[in-house]
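Residue numbers (this note's numbering): 1 to 309.
Don't be surprised by glycine CBs; every beta carbon is placed ideally from N, CA and C.
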Amino acid sequence: MGFTRELLLWGSENKWLENQAGRRSFMRKAVQRFMPGEDIDAAVDAVGALSEKGISRTILTQLGENVTEAAEADAVADHYRDVLGRIGEGGLDADISLKPTQLGIDLDFESVYARYKDLVQRADELGRLVAVDMESTAYADPTLELYRRLRADHSNVVLCLQAYLHRTKDDLASLLPLSPTIRLVKGAYKEPHDLAIRRKSDVDANFLELADTLLEAVGKGNGSRAFFGTHDPRMVVEVNKRAEAAGLPKDSYEFQMLYGIQRELQTRLAGDGYLMRVLISYGESWYPWYMRRLAERPANVWFLLKNIF
Ligand code: FDA
1 MGFTRELLLW GSENKWLENQ AGRRSFMRKA VQRFMPGEDI DAAVDAVGAL SEKGISRTIL
61 TQLGENVTEA AEADAVADHY RDVLGRIGEG GLDADISLKP TQLGIDLDFE SVYARYKDLV
121 QRADELGRLV AVDMESTAYA DPTLELYRRL RADHSNVVLC LQAYLHRTKD DLASLLPLSP
181 TIRLVKGAYK EPHDLAIRRK SDVDANFLEL ADTLLEAVGK GNGSRAFFGT HDPRMVVEVN
241 KRAEAAGLPK DSYEFQMLYG IQRELQTRLA GDGYLMRVLI SYGESWYPWY MRRLAERPAN
301 VWFLLKNIF
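Here it is as structure tokens:
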């Protein structure tokens with residue numbers, strides 16, 4: 001993985017840079033490419049605009065991570081209760097996705113569990129899903145524990161797993177008896193070299209191996225579900241090929257992509273009858289998230305530079 005990626009990921013954790021970025025209008029303008037706005041109204045407008053393009057499935061997520069006070073985590077949970085209200089009122093085909101550190105996992109596990117559980121229950125009444133994002137490896141064990149406990153009582157909860165970690169194969173194997181719903185991604189954080197797979201081609205190979213395991217679980221018809229969170233056209237082709245070979249229909253698994261990324265591929269997949277869900281992020285705390293997007297595709301740094309000049 002290249003030096004530019006490492007540098008951008010280092011920058012994503014730098015508070016001084018974050019402070020500077022928030023004051024720069026060119027940064028705010030560049031972020032709009034991946035984010036319709038800073039509040040829920042902008043996100044709900046984007047749901048409508050996507051629907052007009054044939055993509056009616058979405059996921060809403062308010063940006064923010066590593067809250068340092070319980071009151072902040074409670075405010076985040078309140079916000080998502082309102083979002084679920086908006087989803088219910090509008091009859092939107094929208095799920096929600098939340099980071100454990102946004103609900104206070106740095107502070108106290110039981111409170112985080114209680115906040116998720118309340119949201120999962122409310123979402124269940126609306127027939128919607130709540131996804132637990134996976135953050136850096138420091139949080140992997142408590143995040144898995146969180147998922148296991150939520151999954152014990154509810155089927156409408158999703159866990160994100162990252163193909164760049166050596167441990168994920170074992171984590172997935174340990175979750176399969178729960179008939180889990182997994183969103184498989186490659187992984188977006190700066191990780192120690194001994195924990196993460198270094199070469200991109202090896203990460204891709206692991207992604208496909210994990211995809212095979214997930215598709216096999218889906219094929220058993222025991223309630224396991226597979227979501228593939230990737231913009232990589234090669235992963236999309238491979239997943240479809242493997243699903244077809246296993247005799248799985250197009251609507252037995254789902255692709256998920258971020259708002260603004262690979263828009264044509266999103267529309268094409270939805271038009272071809274695949275399940276395509278777009279994750280719409282919004283909020284004021286966009287800096288670390290945006291830097292991780294740049295790290296995924298350093299070519300986007302040029303887009304940022306064009307906005308400066
Ligand atoms: P990768 O970065 O390997 O690039 C492969 C190819 O995909 C590129 O050559 C290009 O063709 C295309 N591509 C990728 N990014 C592009 C871009 N920005 N613009 C245009 N083309 C692009 N991560 C995590 O650690 N925890 C989480 O909880 C989540 N959650 C999550 C949810 C959803 C819905 C998605 C889509 C992604 C995440 N991620 C995540 C992020 C994920 O780990 C990963 O960093 C990104 O999806 C980038 O990896 P890809 O597989 O998309 O392609």
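Looking at residue j and residue i, is the spacing between their C-beta atoms short of 8 angstroms?
i	j	result
Tyr147	Val132	yes
Val157	Thr181	yes
Met35	Tyr259	yes
Ala163	Leu210	yes
Arg293	Asn300	yes
Arg122	Leu84	yes
Arg115	Leu103	yes
Gly54	Gly271	yes
Ile96	Leu144	no
Phe228	Leu159	no
Ala21	Tyr287	yes
Thr58	Arg225	no
Please report the residue range of the beta strand (DSSP E) in which residue i lies.
i	result
Arg131	Looking at the sequence itself, residue 131 is Ala, so the reference to Arg does not match. Val130 to Val132 is the extent of the beta strand (DSSP E) around Ala131.
Gln266	Careful: Gln266 lies outside any beta strand (DSSP E), inside the alpha helix (DSSP H) at Arg263 to Gly271.
May I ask whether a heavy atom of ligand 1 can be found less than 7 angstroms away from the beta carbon of residue i?
i	result
Lys186	yes
Glu296	yes
Arg183	yes
Pro288	no
Gln102	no
Pro233	yes
Gly91	no
Thr230	yes
Leu8	no
Asp141	no
Tyr189	yes
Leu195	no
Gln32	no
Ile280	no
Met35	no
Gln62	no
Let me check one thing: in DSSP terms, what residues is residue i bridge-paired to?
i	result
Thr61	Ser281
Leu184	Leu161 and Phe228
Ser25	The partner list for Ser25 (beta bridge, DSSP) is empty, contrary to what the question assumes.
Ile96	Leu60 and Val130
Ala196	Leu165
Glu254	Phe227 and Leu275
For residue i and chain B, any beta-carbon pair shorter than 8 angstroms?
i	result
Lys200	Reference to chain B is not applicable here, since this structure consists of a single protein chain.
Can you give the Cα-Cα distance for residue i and residue j, rounded to whole angstroms?
i	j	result
Val203	Ala217	21 angstroms
Val47	Glu38	14 angstroms
Glu63	Pro177	For the record, residue 63 in the displayed sequence is Leu; it is not Glu. C-alpha separation (whole angstroms): 32 angstroms.
Arg199	Ala94	35 angstroms
Arg268	Ser51	14 angstroms
Ala205	Leu172	16 angstroms
Arg297	Tyr189	13 angstroms
Ala295	Leu208	22 angstroms
Ala243	Glu69	44 angstroms
Gly283	Ala245	41 angstroms
Asp118	Lys186	29 angstroms
His231	Val44	22 angstroms
Gln256	Glu125	23 angstroms
Leu175	Ser25	44 angstroms
Residue i: beta carbon under 7 angstroms from a heavy atom of ligand 3?
i	result
Gln162	By its list of ligands, the structure shown excludes ligand 3, since it contains just ligand 1.
Considering just the uninterrupted stretch of the alpha helix (DSSP H) at residue i, what are its terminal residues?
i	result
Met291	Tyr287 to Glu296
Gln121	Phe109 to Glu125
Asn14	Taken as a continuous stretch (DSSP letters only), Asn14 belongs to no alpha helix (DSSP H), as it is neither H nor E.
Ala152	Ala140 to Asp153
Leu84	Ala70 to Gly90
Asn240	Pro233 to Ala245
Asp106	Looking at the DSSP string, Asp106 is not in any alpha helix (DSSP H), and its letter there is neither H nor E.
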